[in-house]
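Number of protein chains: 2
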Amino acid sequence: MNVQLNNFNSKREAILNSTLLLVKEYGFHGAPMSQIAKHANVAAGTIYHYFDSKETLIVELYIRTKDQLAEAILEGYDESKSYKDRFFRFMINQYNFYIKNESAMVFLEQYINSPFAKNFPEKDSVLFKEKVIAFFQAGIDGEYFKKIDPRLLGPTIRGTLVAAANFRLSEHMIYSEEDITEVVQIVWDGIKRQ
Amino acid sequence: MNVQLNNFNSKREAILNSTLLLVKEYGFHGAPMSQIAKHANVAAGTIYHYFDSKETLIVELYIRTKDQLAEAILEGYDESKSYKDRFFRFMINQYNFYIKNESAMVFLEQYINSPFAKNFPEKDSVLFKEKVIAFFQAGIDGEYFKKIDPRLLGPTIRGTLVAAANFRLSEHMIYSEEDITEVVQIVWDGIKRQ
DNA sequence: ATTGTTTAATTGAACGTTCATTCGGTTGCA
DNA sequence: TGCAACCGAATGAACGTTCAATTAAACAAT
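Shown next as C-alpha cells:
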C-alpha cells in the first residue's frame, strides 16, 4: 500500500511501546513525555503529531494493549471443543500473555485502578467485549457457571490470574503446564455449577 | 495524657485522610501537596512537619490503611468457631470494609500496582502479616485448602473480593447478606480441598 | 497566679525544578 | 512544489519542597 504508512506506524508504535515500559517501571506520574520521547528515539514534539495529549496517549495505549490481550486469549479457539476445554484454553492463554508481557499486565492493572478508567468508561477494546466477555456470558446462559452477573465474573477471573502471574513473576519461577492448570482449576472450581 | 498529642494526631490524621480521598479521586499524580493541604485545612509546610516527603506520606498512608483493613477483618474473631466459619467471617468482614471504605480499597489497589509497592516491599502492615496471612497459612497446613503457596492464596482472594466490591459499588446496589455470601462461596469453592 | 524562657507547631510566600505542550523551522517523500 | 512527518528549543504553568517568621504550648522560676 503506502510506504508512509509504515513510517507512520513505526514511530507511533515506538511511542506506545516506550510508554508501556516506562509506565510499568515508574507509574503514570513517573513517566514524563520527555523520557517517553527519548526512549522511543523521537522528538518530544513528534508525540503530539500522533496523540492529542498525554491523556489520550494513555487511553489509546490501554485500548491497544487490551486488544492484544483479547487476541492472545482467542488464540487457537476451537468451536468443536467442549465449553470447559475452551474455558481452560482461554484462561491458559490469558495467563501466558501476562507471563510473557509483564509490562502489559502491570499497565492494565494500573489503568483499571486509575481515574482514567472511571473518566473514560466507553474507551475500551471492542474485540474483548464482543468475543471474550460474550464467551463468559454464554457460560452463564449455558448453565456451566453459577448465576453470576458477567460483570462480576470477568474481574473475578482477572483477579485470580493476575495474582497468579504476579506471584510467578516475582518468584522468577519457570512455569509448567501443571502450574497454570492448577490456577485455572481454582477459577473453574469457584465459578462452576457445583 | 497530653493535650498536644491530640493536636498532633488531629492534623496528622487530617492530612492522611485528605490524601486518601484525593488519591482515590485523582490518582497519585493528580493529588498535589497543595491540594492535600487545602483539603486538610493546613498550610503546605505543615505536611512536612509530619512527613519527610510525599513519598513517605503515601507509604505511611498505605501502612495505616492496611492496618485498618486488618483490624476490620479480625473483628468478631471467634477461636471456638470452625475454620470454615472463621474463614467466611474474615471474607465478609473484608468485603464489608471495602464497601464501606471505597477510597481505602481504591487506594490500596492503586498502591499495590504502583512502583511504591516494588520499591518498599518491607513497608507493610505487621498486623496483617501476623494475623491474616497466618490464618491462611493455617488453612493450608490444616488441609482445608488446596496445597497453594500462601503468597498466591492472598492475592487470589483479594482479587475476587475487590472485583465483587467494585461491582457492587459501581452498580450502587444495596448489598445483602446473600450477595456477600455468594461471592465468598466462589472463593471458598475455588480454594478448598475438593 | 504571673512572668519569662524554651520548644514545638504552624504558616504561606518564595524557590528551583520539572512537566506537558507549543511552534517556527527543517527534512524528505510524492 | 506541496505537504505531511519530524524536530527540539522555548514557554508557562504546576509541582514538591524550603524557610524565615509567627503563634501556641509547655515548662520553670518566682
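Taken in order, these protein sequences are the chains called S and X.
Taken in order, the first sequence gives residues 1 to 194; the numbers are from the UniProt record's numbering.
Taken in order, the second sequence gives residues 1 to 194; the numbers are from the UniProt record's numbering.
The beta-carbon is built from N, C-alpha and C at its ideal position, and this holds for glycine as well.
Values in this document were obtained by computation on a predicted structure and should not be read as measured data.
Looking at the DSSP output, lysine 192/S bridges to Phe145/S. In this model, phenylalanine 51/S and leucine 57/S are separated by some 6 angstroms (Cα to Cα). Between the alpha carbons of glutamate 71/X and leucine 61/S lies a gap of roughly 39 angstroms.
Under a criterion of Cβ atoms nearer than 9 angstroms, the residues of chain S adjacent to tyrosine 26/X are, in order, Pro115. Within the segment 92-125 of chain X, the residues whose Cβ lies closer than 7 angstroms to any Cβ of chain S are, in chain order, Val106, Glu109, Gln110, Asn113, Ser114 and Pro115. For alanine 163/S, the enclosing alpha helix (DSSP H) begins and ends at 150-170. Its chain contains Ile191 and Arg193 as the residues whose beta carbon lies nearer than 7 angstroms to that of lysine 146/S, once the 5 sequence neighbours on both sides are disregarded; these appear in chain order. Between the alpha carbons of proline 155/X and glycine 159/S lies a distance of about 8 angstroms.
Contact check for leucine 22/S against histidine 39/S passes: the beta carbons are separated by less than 8 angstroms. Rounded to the nearest angstrom, the gap between the Cα atoms of serine 170/S and valine 106/X is 23 angstroms. Check the Cα spacing between valine 187/S and each of Lys129/S, His49/S, Phe88/S and Leu108/S: the tightest is with Phe88/S. For arginine 151/X, the closest Cβ of chain S is nearer than 8 angstroms. Burial of serine 18/X is indicated by the presence of at least 16 other C-beta atoms within 10 angstroms of its C-beta. When only Cα atoms are considered, isoleucine 140/S and alanine 134/X end up about 35 angstroms apart. Shown here for isoleucine 180/S: same chain residues with a beta carbon closer than 6 angstroms to its own, the five before and five after excluded, namely Ile92 and Tyr95 in chain order. Shown here for glycine 142/S: same chain residues with a beta carbon closer than 7 angstroms to its own, the five before and five after excluded, namely Tyr83 in chain order. Within the segment 90-139 of chain X, the complete alpha helix (DSSP H) segments of 4 residues or longer fall at 102-112 and 115-119, listed in chain order. For glycine 45/X, the secondary structure class from DSSP, reduced to helix, strand or coil, is helix.
Ranked by Cα distance from lysine 129/S, the first of Phe116/S, Arg151/S, Tyr48/S and Ser114/S is Arg151/S. The three-state reading of DSSP puts alanine 31/S in coil, since its state is none of H, G, I, E or B.
Only exposed fits alanine 44/X, as fewer than 16 other CB atoms lie within 10 angstroms of its CB.
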